[in-house]
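For what it's worth, numbering that gives the first Met the number 0 labels the leading residue of the sequence shown as 0, then goes sequentially.
In what follows, a structure is listed as structure tokens, so that the remarks can point back to it.
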Amino acid sequence: MKICIGYPPLKSKKGIPLLSQNRQFQWFKSPTYIYPVIPASAATLLQSQGHQVIWLDGIAENWTYDQWFDRLKTEQPDLLFMETKTPVIKQHWQIIKRLKRKDPTLPIVLAGDHVTALPQETRKNCPVDYLIKGG
């Protein structure tokens, strides 16, 4: 299976979102990135089980949404995994809605603190296929 671990770009006047591996979400004015240990470990585990893993980090790459989506479309994954946090959950809901309009057959998995605490809220507001709770 071809699995994409994706971080779509999140544009804001507040700065660059520090999303992965950070329980205390922050916006940074200067580019600041923390190595995403948990998603990277998941990628390694998936690869060890024979899956092909694609890493599309639109935040770290400073891509536009269209650049990120074009890469996603080019890669044609069998599944997209995204991580979210409360301060950006509504942006992620909108991104998932947009993705589903363009490709309703792409299974999308969403994980993170917000969906762990409030899974029904995400189910109500977003056409995501799977939620991973915990952690």
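Cβ atoms here follow ideal geometry from the backbone N, Cα and C, with glycine treated the same way.
Predicted model, so just to flag it, every value in this text is computed and none were measured.
Could you give the first and the last residue of the continuous alpha helix (DSSP H) run that contains residue 95?
88-101
For residue 37, the first and last residue of its enclosing alpha helix (DSSP H):
36-47
What is the DSSP secondary structure of residue 1, reduced to helix, strand or coil?
strand
Provide the residue span of the beta strand (DSSP E) that contains residue 54, from first to last.
51-56
Can you tell me whether residue 83 is buried or exposed, with buried defined as 16 or more other CB within 10 angstroms of its CB?
The Cβ neighbour count for residue 83, taken over all protein chains shown within 10 Å, is at least 16; the residue is labelled buried.
Whose CA, out of 50, 80 and 60, lies closest to the CA of residue 37?
Closest option to residue 37, judged by alpha-carbon separation, among 50, 80 and 60: 80.
Sub-7 Å separation of residue 54 and residue 4 beta-carbons:
It is a contact, given that the beta carbons lie within the stated cut-off.
So the beta strand (DSSP E) residue 114 belongs to, where does it begin and stop?
Not the beta strand (DSSP E): residue 114 falls in the alpha helix (DSSP H), residues 112-116.
Bridge partner(s) assigned by DSSP for residue 83
Bridge partners of residue 83: 111.
Which residue marks the beginning of the alpha helix (DSSP H) containing residue 130, and which one marks its end?
Unbroken run through residue 130 is the beta strand (DSSP E), 129-131; no alpha helix (DSSP H).
Reference residue 93, options 106, 121 and 78, closest by Cα
Proximity to residue 93 across 106, 121 and 78 peaks at 121, based on C-alpha coordinates.
Count the other CB atoms, across all protein chains shown, that sit within 10 Å of the CB of residue 116; report buried if there are 16 or more and exposed otherwise.
exposed
Cβ pair residue 118, residue 58 closer than 7 Å:
no
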